[in-house]
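These notes are about the structure you will find just below.
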Amino acid sequence: MSPVTAGVLQLLALIAALALAYRPLGDHMARVYSSEKHYGPEKWIYKAIGANPSAEMRWPAYLRGVLAFSTVSVLFLYALQRAQGILPGSLGFSAIDPDQAFNTAASFVANTNWQSYYGEQAMGHVVQTGGLAVQNFVSAAVGMAVAVALVRGFARSRTGELGNFWADLVRGTVRILLPLSVVGALVLVACGAIQNFAGIHEVGQFMGGTQQWNGGAVASQEVIKELGTNGGGYFNANSAHPFENPTPFSNLFEIFLILLIPFALTRTFGRMVGNLRQGYAILATMGLIWIGFTALMMWTEFAHHGPALQAAGGAMEGKETRFGIGASAIFSVATTLTSTGAVNSFHSSYTGLGGGIQLLGMQLGEIAPGGVGSGLYGMLIMAIIAVFIAGLMVGRTPEYLGKKIGTQQIKLAACYILITPALVLCFTAAAMALPTPGDSMANPGAHGFSEILYAYTSGANNNGSAFAGLNADTQWFNSTIGIAMLLGRFLPMVFVLALAGSLAEQKPVPETAGTLRTDKPLYAGLLVGTIVIITGLTYFPALALGPLAEGLAS
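Structure, rendered in structure tokens:
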């Protein structure tokens, strides 16, 4: 079987698995967030944190809950890292430096999981399991809660109430993420991923000396890393490491986990607004972009330029032989079109155009299908923009799901889509203009520029993957990328929740013959075009200086 055929068959198997899980998981999540019943363990959690799960919140109160919880999480994770030297199970590792501790705390709380450290050489069991793995769960649950609040804004009328943040946070964790993670961890252990609390041990000869590895609760952290679109690996090699991702089957299973909840949330959206066709329209938009990017990535990486690539069967540099080009390309697109950031190959080693596809996937806003929760609310913001554009073209007040899209809604949506590009481009420009940050680049010219552009794109979009050629463990990059991650995560949530509140206060607008049908293929095509045009106009000059210049020169 040719490598191309193997890659295509894996893609088809992945699509089939996602299709089988789409309906039951989507309906389950809709029931979870619509239920008024509180289970026993959930009641204990509410009592411990002093929350009333039945109290409805308007958007300012919901936002305060998000920000308060996330602030406490950052402080706790920062303190845990700074105290690592005196904690049990530290494996002899010392406390994390202040700038790196801030960067890591911001990263995991913001669901970015950017790592400027070697996991197996820096973090002990307590920090990994009690700190980082816990944030993998709750940061994902926060994103899902904000998405559900926006969905309620469309579904409700004549009220500003969006539900209860604490109830949404706990239910998302207890009823969705935990059960799926238990099953997924068992699958990974069966595939060969390790799960223990062993210390550092020697594993034989290597280059005239001994090689050392630590153990760890890897399988349980790996599953929520992918399922929650987090991405932070137990080991520096991330999902290219055989302890995290041992076999081709585990590789395909991890891609399935990455895409599972973001795609299924479109079914949840359709169920909660009472119109499944609207969910299918969003699903079709996400799916079209994802398949298009995957096909383009596979083409660029299988294209043969010169005898070395022909001898290897494609661009094998930086890719694991047990996965090959096809599986690596599928994983790469899945992780950059979502907010995962996990890698099973080194993105810096991809072809120039392949690196551009990875960058563009993040710069779309990671909405196809995007991160857990963030992908859905990002796509719904784009849907509002597309409806507004259509309304301008026909001279009619735009409406979406029975809600008028007026000046207030468009201002909030515009602020949302401007935040991330401003962070990416401003920080990239500053890093290129100042003398010291440039010293971290491992490559000159267009590829070196792409390394810095990729770092800030990954941070501000809460992705977390890296080009792997940039030394980001400096005070400048730890601080600025940490700031970009926090602002890129929580500033958009302000506008999403404000938009949800304004929509929930409206009374529904009856559908007429002149209403734009937003559940038809024509609208899905308009939505795809809107996403591509907005991103292209924003980032094309920067892409032209980096990956496009490199790709055309090769």
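Letter by letter, the sequence shown follows residues 0 to 553 in numbering that gives the first Met the number 0.
Even glycine gets a Cβ: it sits at the ideal position worked out from N, Cα and C.
From a predicted model like this one, the values you see are computed outputs, not experimental measurements.
Listed as beta-bridge partners of S344 by DSSP are K318. By the criterion of a C-beta distance shorter than 6 Å, R151 is surrounded in its chain by L161, G162, once the five residues flanking it on both sides are discounted. Distance between N343 and A283, taken at the CA atoms: about 27 Å. Within the same chain, S180, G183, A184, L187, L256 come within 7 Å of V222 by CB-CB distance, once the 5 residues on both sides are set aside.
Only residues of its own chain outside the window of five on either side were considered, and among them P241, P245, T246, S249 have a CB closer than 8 Å to the CB of G191, listed in chain order.
If you draw a straight line from the Cα of M296 to the Cα of G198, it is about 40 Å long. If you draw a 10 Å sphere on the C-beta of P520, you find fewer than 16 other C-beta atoms in it, and that means exposed.
For the options K402, A218, Q210, the alpha carbon positioned closest to that of A189 is the one of A218. The beta carbon of G227 is closer than 6 Å to those of N135, A139, V371 in its chain, skipping five residues each way along the sequence. Checking the DSSP bridge columns, you'll see E41 has no partner listed.
Proximity to A105 across T4, N461, F268 peaks at N461, based on C-alpha coordinates. The three-state reading of DSSP puts H240 in coil, since its state is none of H, G, I, E or B. Inside the stretch 166-198, DSSP marks whole alpha helix (DSSP H) runs of 4 or more residues at positions 177-190, from first to last along the chain. Boundaries of the alpha helix (DSSP H) around N477: 474-503.
At a Cβ-Cβ threshold of 8 Å, I366 and G374 count as neighbours. N250: member of the alpha helix (DSSP H) spanning 247-271, first to last residue. C-alpha of S348 to C-alpha of N470: approximately 16 Å in a straight line. Note: Y399 is bridge-paired with K402 in the DSSP secondary-structure output.
The continuous alpha helix (DSSP H) containing V147 extends over residues 132-154. As DSSP reads the structure, M28 sits in no beta bridge. The beta-carbon distance between E225 and T339, rounded to whole angstroms, is 7 Å. This is short enough to meet the 8 Å contact definition.
Under the three-state reduction of DSSP, M285 is assigned to helix. Taking the Cβ atoms as the reference, D26 lies roughly 18 Å from A280, outside the contact range of under 8 Å. Under the DSSP assignment, Q220 falls in the alpha helix (DSSP H) whose first and last residues are 217-226. DSSP links W212 through a beta bridge to H200.
In the three-state reduction of the DSSP assignment, L433 falls in the coil class.
R516 carries a coil assignment under DSSP once its states are collapsed to helix, strand and coil. Taken through DSSP and simplified to helix, strand or coil, E549 comes out as helix. Between Y32 and A263, the gap from beta carbon to beta carbon reaches 8 Å or more. In this structure the stretch 285-294 touches the stretch 320-333; the number of beta carbon pairs closer than 8 Å is three or more. By the beta-carbon neighbour count (other beta carbons within 10 angstroms, threshold 16), S238 is buried.
Under the three-state reduction of DSSP, E300 is assigned to helix.
Taken through DSSP and simplified to helix, strand or coil, L544 comes out as helix. In this structure, A445 keeps its C-beta atom at 8 Å or more from the C-beta atom of L542.
The stretch 72-83 makes no contact with the stretch 497-513, as fewer than three CB pairs between them are under 8 Å. Q194 sits away from A132, with the two beta carbons spaced by 8 Å or more.
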